[in-house]
DNA sequence: GCCCGCATGTAAGACGTTACATGATTAC
DNA sequence: GTAATCATGTAACGTCTTACATGCGGGC
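Protein chains in written order, with the working numbering: chain S, 2 to 202; chain L, 2 to 202.
Have a look at this one:
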């Protein structure tokens with residue numbers, strides 16, 4: 002039993018705050034975002050669900066069906082929500098795009114203040130890396146290394162677009178929060194499950 | 002000895018085609034690009050160098066110095082170059098940004114044809130993911146999931162900027178290769194213009 | 001007939017990090 | 001004097017993937 006990573010375990014736990022899901026549902030959801038943050042394989046996903054279950058952070062409803070494997074629908078418990086809250090408190094992101102996106106998806110579980118802090122933290126990191134790249138470009142001088150030039154140019158392009166996205170998003174969120182009063186509460190109004198989610202056949 | 006991954010081993014080997022380097026040099030170089038592709042820790046880097054040495058793909062020159070650890074300068078051998086060439090032939094990228102950047106850095110070891118193919122491959126992948134995100138947005142409808150909306154919006158912004166970068170870069174490379182006759186040789190003339198463009202601190 | 005999607009899960013091993021060990025030099 | 005950089009390396013451990021096992025249903 003390869004004790005799964007804290008971050009991935011918590012992330013999957015937090016997906017269950019959106020709605021109860023089966024392991025396969027989690028997989029499909031993450032596969033649709035695989036470009037941004039990759040998606041775990043069965044070999045890591047199912048052990049994580051089992052660990053959550055054994056830790057009492059989720060419950061499972063087994064839906065038995067004729068002649069096919071039962072679907073196991075996982076639902077987060079109160080204990081799970083508490084554990085999640087504790088994890089959310091100590092945001093210490095590690096600079097990678099993946100960890101940034103992880104927390105971005107969880108925006109609903111964050112107070113607006115925390116969300117803004119998260120975005121601003123990312124902003125400063127990207128800005129720093131932009132500077133680093135600029136220094137690299139300067140240090141390179143006239144050496145004709147096509148690969149390095151392309152890479153640095155690429156990095157600059159990505160960094161620039163990310164910064165503008167962060168700026169406009171921050172501005173939008175700030176603008177939205179000014180008229181509102183509930184600054185500290187979670188901003189997610191209609192949390193109610195709505196378990197349909199699959200209409201396509 | 003945790004036999005290191007093929008890709009990382011080959012990538013580090015290929016860095017030595019740029020110039021002979023010590024392990025620490027490799028580390029520093031990769032740290033300066035850590036945002037794009039991360040940088041390996043000592044625990045993976047040094048075993049890789051040892052494996053390359055034992056495989057005869059590199060040689061080492063030990064520079065002894067007074068009272069400090071000797072610097073070990075690694076140089077790629079003919080056998081190393083051949084092995085690298087073979088690896089380069091079978092480009093089967095795996096969609097991640099990291100693997101894309103890895104090959105981008107190695108542009109000098111690629112024929113122009115291969116480089117263009119690489120960029121075009123990336124282009125089609127990003128375009129596909131852009132479509133996926135679009136579908137997600139459509140499927141979401143009016144559900145108010147702030148985190149998911151932000152994430153999808155973010156993904157779209159990144160994808161768009163990457164596509165425009167790829168387009169302009171492809172165009173530039175095509176434009177440069179038309180007048181020239183040597184289509185198949187490695188290209189490295191000092192092309193890429195004007196990468197300044199920093200306005201914000 | 002065959003492969004793909006659905007749906008779960010396990011075992012073995014590849015991969016990489018963390019933490020340590022060593023120790024001189026430079027900078028605050 | 002405490003910390004950071006230079007510079008190498010090892011061992012233990014955490015983490016994740018690959019490949020397999022199972023088995024039905026639907027499309028080509």
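Glycine included, each C-beta is placed from N, C-alpha and C at the ideal position.
Rounded to the nearest whole angstrom, the C-alpha separation of residue 18/L and residue 132/L is 38 Å. Taking the Cα positions, residue 43/L is about 42 Å away from residue 146/L. The alpha helix (DSSP H) runs of length 4 or more contained entirely in the segment 32-58 of chain L are, from start to end of the chain, 35-38, 43-55. Only residues of its own chain outside the window of five on either side were considered, and among them 13, 24, 27, 28 have a CB closer than 8 Å to the CB of residue 46/S, listed in chain order.
Ranked by Cα distance from residue 162/S, the first of 167/L, 155/L, 83/L is 155/L. In this structure, the straight-line span from the alpha carbon of residue 107/L to that of residue 95/S is close to 27 Å. Just measuring C-alpha positions, the residue of 61/L, 177/L, 128/L, 91/L sitting nearest residue 77/L is 61/L.
Within 10 angstroms of the beta-carbon of residue 130/L lie 16 or more other beta-carbons, which makes it buried. For the segment 141-158 of chain S, the set of residues with a beta-carbon nearer than 9 Å to any beta-carbon of chain L comprises 143, 144, 145, 146, 147, 148, 149, 150, 151, 152, 153, 154, 155, 156, 157, 158, in chain order. Distance from the Cα of residue 83/S is smallest, within the candidate group 119/S, 175/S, 56/S, 102/S, for 56/S. One alpha carbon belongs to residue 22/L, the other to residue 6/L, and they sit about 20 Å apart. Taking C-alpha positions only, residue 81/S is separated from residue 88/S by approximately 11 Å. Distance from the CA of residue 64/L to the CA of residue 98/S, rounded to the nearest whole angstrom, comes to 39 Å.
If you look at residue 73/S, you'll find it in the beta strand (DSSP E) that goes 69-77.
Neighbours of residue 19/L across chain S, judged by C-beta separation under 9 Å: 146, 148, 149.
Straight through space, the alpha carbons of residue 121/L and residue 136/S are spaced by roughly 29 Å.
The beta carbon of residue 39/S sits closer than 6 Å to none of the beta carbons in its chain outside the five residues before and after it.
Of all residues in the segment 26-37 of chain L, the ones placed with a Cβ closer than 9 Å to any Cβ belonging to chain S are 33, 34, 35, 36, 37, in chain order. Leaving aside the five residues that flank residue 119/L on each side, the residues in its chain whose CB is nearer than 6 Å to its CB run, in chain order, 104. No Cβ of chain S is located within less than 9 Å of the beta carbon of residue 132/L. Chain-ordered, the chain L residues with CB closer than 9 Å to the CB of residue 107/S read 148.
In the DSSP assignment, residue 91/S falls outside any alpha helix (DSSP H) and carries neither an H nor an E. The three-state reading of DSSP puts residue 19/S in coil, since its state is none of H, G, I, E or B. Assignment of residue 26/S by DSSP, reduced to helix, strand and coil, places it in the helix class. Sequence-distant Cβ neighbours of residue 71/S in its own chain, meaning closer than 8 Å and more than five residues away, are 63, 64, 65. In this structure, residue 174/L keeps its C-beta atom at 9 Å or more from the C-beta atom of residue 123/L.
At a C-beta separation below 9 Å, residue 163/L has these neighbours in chain S: 155, 158, 159, 162. Collapsing the DSSP output to three states places residue 8/L in a helix. Residue environment: residue 148/S is assigned as buried (16 or more neighbouring CB atoms within 10 Å of its CB, all protein chains considered).
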